[in-house]
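Peer 1: Going by this note's numbering, the sequence shown opens with residue 34, and the numbers climb by one from there.
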Amino acid sequence: MPLSRLLPYRAWMRSSRTRLTLLFGGASLLVALVLALYVDRLATQRIVQARGEALLNVSRPIADALAEGLRERERDVTLLARYPLLTAGQLDSLPVRAYLDDLKQSFPDYSWIGVTDVPGQVRNATGGLLQGESVRQRPWFSAGLQGLHVGDAHEAQLLAQLIGSPKSTEPLRFLDFAAPIRSNDGRLLGVAAAHLNWNWVSQLVQRATSGPWAPEGLELLIVSENGTVLHPYGQSALMRSVATPPALGSFRVLTWGAQGDYLTAAVQVPSLTAQSLNWTLIVRQPLALALAPVSELHRLIATLALVLTGVLMGMIYWIAQRFSQPLERLARMAQHLDQTGEGAQFDIPANTLEFAHLRDSLRKLTQHLLESQKELRLSNQGLEHKVEQRTQEIQLREQQYRSILEEQSEVICRFRADLTLTYVNEAYCRLFALRREEVLGSTWSPVVYPEDIERVRLSLSTNSPAQPVSSVENRVLAGNGQVRWFHFINHAFFDEQGHLIEWQSVGRDITERQALEQTLQRVSSEQEAMLDNDLLGIARIKDRRVVWRNRALERIFGYEPGALLDQPTERLYASPEDHEAFGREAYATLASGQHFRRQMPMRRANGDTVWMDLNGVRLSEDSGESLWLLQDITEMKQYQAQVEHIAFHDPLTLLPNRLLLSDRMRQAFALHERAKTVTAVCYLDLNGFKAVNDQHGHEAGDHLLKEMAKRLLEAVRAHDTVARLGGDEFVLLLSSLHQSEEARLIIQRVEKAIRQPVRLANGAEVQVSTSVGVAFHPQDGTQPGQLLALADSAMYEAKRRLKVPPLNEATPGGRLEAI
Numbered sequence: 034m035p036l037s038r039l040l041p042y043r044a045w046m047r048s049s050r051t052r053l054t055l056l057f058g059g060a061s062l063l064v065a066l067v068l069a070l071y072v073d074r075l076a077t078q079r080i081v082q083a084r085g086e087a088l089l090n091v092s093r094p095i096a097d098a099l100a101e102g103l104r105e106r107e108r109d110v111t112l113l114a115r116y117p118l119l120t121a122g123q124l125d126s127l128p129v130r131a132y133l134d135d136l137k138q139s140f141p142d143y144s145w146i147g148v149t150d151v152p153g154q155v156r157n158a159t160g161g162l163l164q165g166e167s168v169r170q171r172p173w174f175s176a177g178l179q180g181l182h183v184g185d186a187h188e189a190q191l192l193a194q195l196i197g198s199p200k201s202t203e204p205l206r207f208l209d210f211a212a213p214i215r216s217n218d219g220r221l222l223g224v225a226a227a228h229l230n231w232n233w234v235s236q237l238v239q240r241a242t243s244g245p246w247a248p249e250g251l252e253l254l255i256v257s258e259n260g261t262v263l264h265p266y267g268q269s270a271l272m273r274s275v276a277t278p279p280a281l282g283s284f285r286v287l288t289w290g291a292q293g294d295y296l297t298a299a300v301q302v303p304s305l306t307a308q309s310l311n312w313t314l315i316v317r318q319p320l321a322l323a324l325a326p327v328s329e330l331h332r333l334i335a336t337l338a339l340v341l342t343g344v345l346m347g348m349i350y351w352i353a354q355r356f357s358q359p360l361e362r363l364a365r366m367a368q369h370l371d372q373t374g375e376g377a378q379f380d381i382p383a384n385t386l387e388f389a390h391l392r393d394s395l396r397k398l399t400q401h402l403l404e405s406q407k408e409l410r411l412s413n414q415g416l417e418h419k420v421e422q423r424t425q426e427i428q429l430r431e432q433q434y435r436s437i438l439e440e441q442s443e444v445i446c447r448f449r450a451d452l453t454l455t456y457v458n459e460a461y462c463r464l465f466a467l468r469r470e471e472v473l474g475s476t477w478s479p480v481v482y483p484e485d486i487e488r489v490r491l492s493l494s495t496n497s498p499a500q501p502v503s504s505v506e507n508r509v510l511a512g513n514g515q516v517r518w519f520h521f522i523n524h525a526f527f528d529e530q531g532h533l534i535e536w537q538s539v540g541r542d543i544t545e546r547q548a549l550e551q552t553l554q555r556v557s558s559e560q561e562a563m564l565d566n567d568l569l570g571i572a573r574i575k576d577r578r579v580v581w582r583n584r585a586l587e588r589i590f591g592y593e594p595g596a597l598l599d600q601p602t603e604r605l606y607a608s609p610e611d612h613e614a615f616g617r618e619a620y621a622t623l624a625s626g627q628h629f630r631r632q633m634p635m636r637r638a639n640g641d642t643v644w645m646d647l648n649g650v651r652l653s654e655d656s657g658e659s660l661w662l663l664q665d666i667t668e669m670k671q672y673q674a675q676v677e678h679i680a681f682h683d684p685l686t687l688l689p690n691r692l693l694l695s696d697r698m699r700q701a702f703a704l705h706e707r708a709k710t711v712t713a714v715c716y717l718d719l720n721g722f723k724a725v726n727d728q729h730g731h732e733a734g735d736h737l738l739k740e741m742a743k744r745l746l747e748a749v750r751a752h753d754t755v756a757r758l759g760g761d762e763f764v765l766l767l768s769s770l771h772q773s774e775e776a777r778l779i780i781q782r783v784e785k786a787i788r789q790p791v792r793l794a795n796g797a798e799v800q801v802s803t804s805v806g807v808a809f810h811p812q813d814g815t816q817p818g819q820l821l822a823l824a825d826s827a828m829y830e831a832k833r834r835l836k837v838p839p840l841n842e843a844t845p846g847g848r849l850e851a852i
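#1: Closer than 7 Å by C-beta to Glu203: which residues in its own chain qualify, once you throw out the five before and the five after it? Chain order, please.
#2: At which residue ranges does the stretch 227-302 contain complete alpha helix (DSSP H) runs of 4 or more residues, listed in the order of the chain?
#3: In chain order, what residues of the same chain lie with their CB nearer than 6 Å to the CB of Thr622, ignoring the 5 residues before and after it?
#4: Excluding the 5 residues flanking Arg834 on each side, which residues of the same chain have their C-beta closer than 6 Å to its C-beta?
#5: Since I believe Leu473 is in contact with Thr495 (beta carbons under 8 Å), could you give me their beta-carbon distance rounded to a whole number of angstroms?
#6: Taking 8 Å as the cut-off, decide whether the C-beta atoms of Ala511 and Phe448 are in contact.
#7: Among the residues of its own chain, which have a CB less than 7 Å from the CB of Leu403, if the five just before and after it don't count?
#8: Going by beta carbon distance, what residues of the same chain come within less than 6 Å of Gln600, once the five residues before and after it are set aside?
#9: On the CB-based measure, 16 or more other CB atoms within 10 Å of its CB, does Leu339 come out buried or exposed?
#10: Does DSSP put Tyr71 in a helix, in a strand, or in coil?
#11: To the nearest angstrom, how far is it from the Cα of Glu86 to the Cα of Gly250?
#12: Alpha carbon to alpha carbon, how far is Asp485 from Leu296? Give it in angstroms, no decimals.
#13: For Leu849, collect the residues of the same chain with a Cβ closer than 6 Å to its Cβ; drop the 5 residues on either side in sequence, then sort them by chain order.
#14: Between which two residues does the alpha helix (DSSP H) holding Ala786 run?
#15: Going straight from the alpha carbon of Arg396 to that of Leu660, what length do you get?
#16: Starting from the C-beta of Leu133, find all residues in its chain whose C-beta is less than 6 Å away, skip the five residues before and the five after it, and write them out in chain order.
#17: Determine the contact status of Leu663 and Leu569, defining contact as a CB-CB distance below 8 Å.
#18: Is it the case that the Cβ atoms of Ser804 and Ala831 are separated by a distance below 8 Å?
#19: What's the C-alpha gap between Leu329 and Thr77?
#20: So, for Leu322: in the same chain, excluding its five sequence neighbours on each side, which residues have a beta-carbon less than 6 Å away from its beta-carbon?
#21: Cα separation between Phe210 and His187?
#22: Under 8 Å between C-beta atoms, does His752 make it to chain C?
#23: Where does Ala499 fall in DSSP's three states?
#24: Among the residues of its own chain, which have a CB less than 7 Å from the CB of Arg115, if the five just before and after it don't count?
#25: State the start and end residues of the unbroken beta strand (DSSP E) segment that holds Gln537.
#26: Taking just the CA atoms, how far does Glu732 sit from Arg617?
#27: Any idea if Arg52 is buried or exposed, counting beta-carbon neighbours within 10 angstroms, 16 or more meaning buried?
#28: According to DSSP, which residues form a beta bridge with Asp209?
#29: Going by CA-CA distance only, name the one from Leu221, Pro684, Ala713 that's closest to Met698.
#30: Quick one: complete beta strand (DSSP E) runs, 3+ long, within the stretch 578-622?
#31: On a CA-only basis, which of Gly806, Leu737, Arg637, Leu820 is nearest Leu694? Give me that one, please.
#32: Between Leu688, Glu529, Ala624, which has its C-alpha nearest Ser653's C-alpha?
#33: Is Ala225 near Leu113, with beta carbons less than 8 Å apart?
#34: Taking its Cβ as the centre, do 16 or more other Cβ atoms sit within 10 Å of Lys836, making it buried, or is it exposed?
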């Protein structure tokens, strides 16, 4: 019958087996709970970080596209104000009306384009809207008289009834662009203005945030400088529900009133216009969607912790029972010996070596008890002699002790209750670069790291006559300026009344051990957090073969479970060359003890390309194994590429836009500094395009523009750039020219290609020509904007003269050419 059935309940609760079971079972449950909380916190932080960075990556290209679009519309109004008929004072002429209508048709999101005279009367406008009306009280008119003006979004007033309200509940809203019209002698003639429909912004945001690459539940807000939510309309109350928005270029979790918690990021729309609107782009995602993987992790960790705790408690109880039964029998025999004084046979079977030693020791103790008493009496007789002899030995050992202290590599010191030092050894002086006479009589606190002083004092306060020894690990300030970790064993000495006399402290340098423990703890925590994470592929690699992997790795690469075990890693790379190049770079870095991280394309089982973020660390120098974390970032790469293409290319012709052209120009100019070559900037538009557009329609005009873009690309060299700035205006960037005459040959090919007839979809055959203006780097200027302005002016001069002058060599002080 088990002992637990014979003992009363209280005695059973005090038994060894029960206490061991409760102790280790409780400890197991506590450890499981702590690990679960730590893994939960770490996973939440990492997922919030990754999702926050994804929101920033989504918002930045959208902000750039908004800024570039505003700058293009500002440039349209600037060019309108320079239109020759307007600068000549013909504000209400029919050609001006045709030019305004053509400009509106080239960009349908313009709701109204018009020109006014100085008193504020509309002299000409698209569709004749507001013609003859006074706009003197409108803010854009007064601002346009002073200079270039870009006005923030506002609801339509004069035009609302003329144009008509949209079908949606959102009112008609405009962005204002205005510029002064001046004659050639600088006299103010009026104002050129345009109202851009806010629908342009809504469409741009819709294109950028729709599609499978956009994060689930993504919401985007455009906030003006005064805190008004411009997009979506009527949501200004949202911003009032947020106490403090995130800083620009950052992200954090915010509570949006009754809507709950959102992961929120904020970026500034760049200022590329003369007047900055200071728009802020706020992107948010419901926190529940952002942290969806964490909920699954919660359930898995809780289940594992409960199962593991139950199994451990059962095992511990069984083991405790096995070990406690012989001890309980031995305890009863010892109790019998104490009560009766009679010897015992101690014939208990010994299941373990330790218990056999204990049983035999008790047997011998009983047998030699009387012999020990006899020997005790004999020893008392020689006690006095031994005391004298011992005194001499103590004095000798005292001398030996001091010698040992001085020769120790450990730091040793003694100090009084007031913490003043009474002794330090040579190791102490060497560590802190101090002389002994400078130290004695002062306190030890100056050599202790300031933040650890309170910890040391608290450890010393725990010493007592019953527990005179304590230990503490703290940092010290070495004489060479380094901060070192030390493990100190502090021994307190008390008198008979329990008063503290002195301390002795022995310290050992554990800096390297502390660093190693922190590294091991971090690596262990990271491994435990990631092993069951289905978002990351994890593999242990030896000799470039997979010796262990988690389920996510085979799922990401499209392999059946177990298919990658003991397989060479070469089958995961796009090519053998990628495999060899990665191995040379990665394993050299791991051999130096550093982490290695790289984003690169790899290959799935079906041959498809998958972009991976790889992060590796060497596990052991002896085993040669390394641990790799792999995350699928294919969708992020595809989304980045699409957003970058939208931001840097013209949507109709797919040619580079002004933003990409500026970057190509800076690259070409940098090449000139090394190769000493010439770069030509050619500004051209199509003569006769408006007639084709008016006679055959916008679809025919779009077809003609795309055909011209194709011919321009075929006419220039492979490394040259063809860009479209808007309407029928194109720019050729001809780089690596050894002399300016080379540009003439290329432009002649361009003119010939453009003059070739074009057959439209309706069967009609049309023909256009071109006017070209050229500026050279570095003769005419060194800045992209400067050269574009010079080439633009040269093009208008060529259109005015309607002839092709000779291309002259450069002259000092810069040159402007018209072809």
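All C-beta atoms, glycine included, are put in the ideal place defined by N, C-alpha and C. Computed from a predicted model, the values in this text were never measured in an experiment.
Peer 2: This is what the structure holds:
#1: Translated into positions along the sequence shown, residue 203 becomes position 170. Tyr266.
#2: 232-242, 269-273, all fully within the stretch 227-302.
#3: Translated into positions along the sequence shown, residue 622 becomes position 589. Within the same chain, Thr622 has close Cβ partners Phe629.
#4: Here residue 834 refers to the residue found at position 801 when the sequence shown is read from its first residue. Beyond the five residues adjoining it in sequence on each side, Arg834 comes within less than 6 Å, by CB distance, of no other residue in the same chain.
#5: Walking along the sequence shown from the start, residue 495 turns up at place 462. Walking along the sequence shown from the start, residue 473 turns up at place 440. Their Cβ separation, rounded to whole angstroms, is 26 Å, which puts Thr495 and Leu473 out of contact at 8 Å.
#6: Position 478 of the sequence shown, counted from the start, is the residue given in the question as residue 511. Position 415 of the sequence shown, counted from the start, is the residue given in the question as residue 448. No.
#7: What you label residue 403 is simply residue 370 of the sequence shown in a count that begins at 1. Reliability fails at Leu403, whose pLDDT of 47 lies under 50, so the model's placement of it is uncertain and the value that follows must be treated cautiously. Sequence-distant partners of Leu403 (beyond 5 residues in either direction) whose C-beta falls short of 7 Å from its own C-beta are missing from its chain.
#8: Counted from its first residue, the sequence shown places residue 600 at position 567. Counting only Cβ-Cβ distances below 6 Å, and skipping sequence neighbours, we find Val579.
#9: Here residue 339 refers to the residue found at position 306 of the sequence shown. Burial call: exposed.
#10: On the sequence shown, residue 71 is found 38 positions in, with the first residue counted as 1. Three-state result, Tyr71: helix.
#11: For the purposes of this step, residue 86 is taken as residue 53 along the sequence shown, with counting starting at 1. For the purposes of this step, residue 250 is taken as residue 217 along the sequence shown, with counting starting at 1. One C-alpha to the other measures close to 16 Å.
#12: Walking along the sequence shown from the start, residue 296 turns up at place 263. Walking along the sequence shown from the start, residue 485 turns up at place 452. Roughly 38 Å between the two C-alpha positions.
#13: As a working mapping, residue 849 is identified with position 816 in the sequence shown. Summary for Leu849: the model assigns pLDDT 38, below 50, so the residue's position carries little reliability; its value from the coordinates is reported in the next sentence. Correct list, in chain order: Leu823, Ala827.
#14: Looking up residue 786 in the sequence shown gives position 753. It spans 774-788 - the alpha helix (DSSP H) in which Ala786 sits, taken as one unbroken run.
#15: Within the sequence shown, residue 396 is the residue found at index 363, counting from 1. Within the sequence shown, residue 660 is the residue found at index 627, counting from 1. If I take the Cα positions, the gap works out to 56 Å.
#16: As a first step, residue 133 must be located in the sequence shown, where it is residue number 100. If we look at Leu133 and ignore the five residues flanking it on each side, its Cβ neighbours are Ile146, Thr159.
#17: Here the question's residue 663 lines up with position 630 in the sequence shown. Here the question's residue 569 lines up with position 536 in the sequence shown. Closer than 8 Å, so yes.
#18: Start at 1 with the first residue of the sequence shown, and residue 804 comes out as number 771. Start at 1 with the first residue of the sequence shown, and residue 831 comes out as number 798. Yes, the pair counts as a contact, with Cβ atoms nearer than the cut-off.
#19: The count along the sequence shown starts at 1 and reaches residue 329 at position 296. The count along the sequence shown starts at 1 and reaches residue 77 at position 44. It should be noted that the sequence gives Glu, not Leu, for residue 329. The C-alpha of Glu329 lies about 12 Å from the C-alpha of Thr77.
#20: Within the sequence shown, the letter at position 289 stands for residue 322. Excluding positions up to five away in sequence, the list reads Glu249, Gly250.
#21: Stepping through the sequence shown from its first residue, residue 210 is reached at position 177. Stepping through the sequence shown from its first residue, residue 187 is reached at position 154. Using only the alpha carbons, I get a separation of about 12 Å.
#22: No chain C is part of this structure, which consists of one protein chain only.
#23: As a first step, residue 499 is located in the sequence shown; it is residue number 466 there, counting from the start. In this structure, Ala499 counts as coil in the three-state DSSP scheme.
#24: Residue mapping note: residue 115 aligns to position 82 of the sequence shown, counting from 1. Counting only Cβ-Cβ distances below 7 Å, and skipping sequence neighbours, we find nothing.
#25: Mapped onto the sequence shown, residue 537 falls at position 504. First-last of the beta strand (DSSP E) with Gln537: 533-542.
#26: Sequence index remark: in the sequence shown, residue 617 carries index 584 (1-based). Sequence index remark: in the sequence shown, residue 732 carries index 699 (1-based). Rounded to the nearest angstrom, the two C-alpha atoms are 55 Å apart.
#27: Along the sequence shown, read from residue 1 onward, the residue named residue 52 stands at position 19. When all chains shown are included, Arg52 counts as exposed.
#28: Taking the first residue of the sequence shown as 1, we reach residue 209 at position 176. Note: Asp209 sits in a beta bridge opposite Gly184, His228.
#29: Taking the sequence shown and counting its residues from 1, the one referred to as residue 698 is at position 665. The option with the nearest alpha carbon to Met698 is Ala713.
#30: 578-582
#31: In the sequence shown, residue 694 corresponds to position 661, counting from 1. Ranked by Cα distance from Leu694, the options Gly806, Leu737, Arg637, Leu820 are led by Leu820.
#32: Stepping through the sequence shown from its first residue, residue 653 is reached at position 620. Nearest option by C-alpha distance: Ala624.
#33: Your numbering for residue 225 matches position 192 in the sequence shown. Your numbering for residue 113 matches position 80 in the sequence shown. Going by C-beta atoms, Ala225 is nearer than 8 Å to Leu113.
#34: As a first step, residue 836 is located in the sequence shown; it is residue number 803 there, counting from the start. The pLDDT assigned to Lys836 is 48, lower than 50, so where the model puts this residue is not dependable, and the model offers no usable value.
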